[in-house]
Structures are given as structure tokens and as C-alpha cells.
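Going from the sequence shown to our numbering is simple: count from 1 and add 165. We put the CB at the ideal spot given by N, CA and C, even for glycine. Okay, structure first, notes after.
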Amino acid sequence: MTQPLILIPTYNERDNLIPFVQAVRAALPEADLLIIDDNSPDGTGKLADTCASEDPGVHVLHRPDKQGLGRAYLDGFDWALARDYSHVFEIDADFSHNPKDLPRLLKATEQADIALGCRWMAGGGVSGWPLRRLALSRFGNLYARTILGVRYRDLTGGFKCFTRKALEEIDLSRINAVGYGFQIETTWRALQAGLSVTEVPIHFTDRVHGVSKMSGHTFKEALILVWRLRFGDR
Numbered sequence: 166m167t168q169p170l171i172l173i174p175t176y177n178e179r180d181n182l183i184p185f186v187q188a189v190r191a192a193l194p195e196a197d198l199l200i201i202d203d204n205s206p207d208g209t210g211k212l213a214d215t216c217a218s219e220d221p222g223v224h225v226l227h228r229p230d231k232q233g234l235g236r237a238y239l240d241g242f243d244w245a246l247a248r249d250y251s252h253v254f255e256i257d258a259d260f261s262h263n264p265k266d267l268p269r270l271l272k273a274t275e276q277a278d279i280a281l282g283c284r285w286m287a288g289g290g291v292s293g294w295p296l297r298r299l300a301l302s303r304f305g306n307l308y309a310r311t312i313l314g315v316r317y318r319d320l321t322g323g324f325k326c327f328t329r330k331a332l333e334e335i336d337l338s339r340i341n342a343v344g345y346g347f348q349i350e351t352t353w354r355a356l357q358a359g360l361s362v363t364e365v366p367i368h369f370t371d372r373v374h375g376v377s378k379m380s381g382h383t384f385k386e387a388l389i390l391v392w393r394l395r396f397g398d399r
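If you want it as C-alpha cells, here you go:
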């Protein structure tokens, strides 16, 4: 039986939350949702509780403060593995990832342990980014792919579907990255565990509401991380 769980980390996403939950529920009705809120000052957590009270398929995990995207997903993985979910998704709450792509990522896991949403392949793309951010993303992925010696084109993307088997076989306790390097590290740990990974083309659209969580610190973390992974694990 397929029972997916969609992890939705939030921090100050009040304007996006309700329409996003509705869009996700429409795209993949059989899935449950876990909103992981880091004590958002704008009241996102309270709004998430309202959503959960009205929909038994929506759950909320409250965290006391902002601890980073990676930590949020790790807590979500633990929550999922303590229950009987067959697949676990990562997705951004700001509509930069299109919920309509959820079924395609789920379908791809019939042939692989993990499906990565890929912006940098035929059929994928990005809208709304300035040239500088486009260049940073393309360079960051080329850099990570080259240092790690892997063929995947979007190691930094945050739209993913994991099978339960993948989460059980990745040594989650070894993952240390908290920012966007977390995406690189989870895929690397999966490959090191002998798991199969595939990429699915997606179109990424920059957020309309709210503020991007991307920072120079998270980019620098990823630059250093790939060297630690490549040589620290040898």
C-alpha cells in the first residue's frame, strides 16, 4: 500500500500556507502532510494548527525556534519513520515547487529509491531569478557534481521523494548540514549506501510572497561540505 507523507517546513509562511496546503491536497489526495514550523513570528504555526483541526490528513510539528532546514527535515524523517508511511517528500511551502509535480516524483520511485526534482535538465527550468542567482545555482551544482564525482545535475534542489527503504538505509545520524548543503549531503549519503537515484524535470518559480531563506552562509556551507564528504568519507 502506498501512503506518502509530504514534509512542509515553514518559517513566516502565513500568506502561502492555506493555498499551498489546498494545492498539495488536490495534487496528491492520498498523501498526508506534516507542517514543520519553527515558531514563526507571523503566526504560521497557529494557522497550521487550524488546518490540522479541519483536515485529519494534515499534521503539525512545532519546533521551539529556527534550527535550519536540514534539522527540520531530519525531524520530519524521524516522525515519518515512527509511522507507516511508504514515501516521504520534501517540498518548499512558497510555491517555488509546483505541487502538480508530486505525482510524477512519486511515479519515478517505482524505478528508483529516491527521485530528485531537477531544474537543470531537458523539460526543467527556473523562472523569476536574477542572472546572479541563476549563475550561483548552476555553478554550485557543477562544483558539487565535479568534486563528488557524481552525474546528477541538481544536487542542491529541495524537491525530492524518498522511499521508506531509502530513509531506513541512509545513516541519518551522520548528516550534519543544516542549510541547503543538506540536500547535497542526503543524496551523497544515499549513493554511498548503494541506493538508486533518478532525476525528474521540474520548473522552479521564485516565490511571490515572503522572503527567501537562502543566504551567503548557506552557500559557503555547501562549498566546504562537498570537500568534507568527498575526502572525509574515504
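Residue 181 and residue 260 do touch by the CB rule: their CB atoms are close to 6 angstroms apart, below 8 angstroms. DSSP places residue 305 in the uninterrupted alpha helix (DSSP H) bounded by 296 to 313. Taking each of 184, 172 and 363 in turn and checking the Cα distance to residue 280, the smallest one comes out for 363. Sorting 167, 173 and 244 by C-alpha distance to the C-alpha of residue 325 places 173 at the top. In the three-state scheme derived from DSSP, where H, G and I count as helix and E and B as strand, residue 207 is classed as coil. Each residue's CA atom was taken as its position, placing residue 315 and residue 201 some 31 angstroms apart.
For the options 354, 248, 282 and 272, the alpha carbon positioned closest to that of residue 257 is the one of 282. In the DSSP assignment, residue 340 falls outside any alpha helix (DSSP H), carrying neither H nor E.
Here the alpha carbons of residue 313 and residue 237 stand approximately 25 angstroms from one another. Here residue 264 carries a helix assignment [DSSP, helix/strand/coil]. Nearest to residue 203 by C-alpha distance, out of 293, 232, 246 and 251, is 232. If the five residues before and after residue 343 are omitted, its C-beta is found closer than 6 angstroms to the C-beta atoms of 233, 235 and 236, all from its own chain and listed in chain order.
It is roughly 31 angstroms from the alpha-carbon of residue 360 to the alpha-carbon of residue 176.
No Cβ-Cβ contact shorter than 7 angstroms links residue 277 with residue 170. Residue environment for residue 340: buried (at least 16 other C-beta atoms within 10 angstroms of its C-beta).
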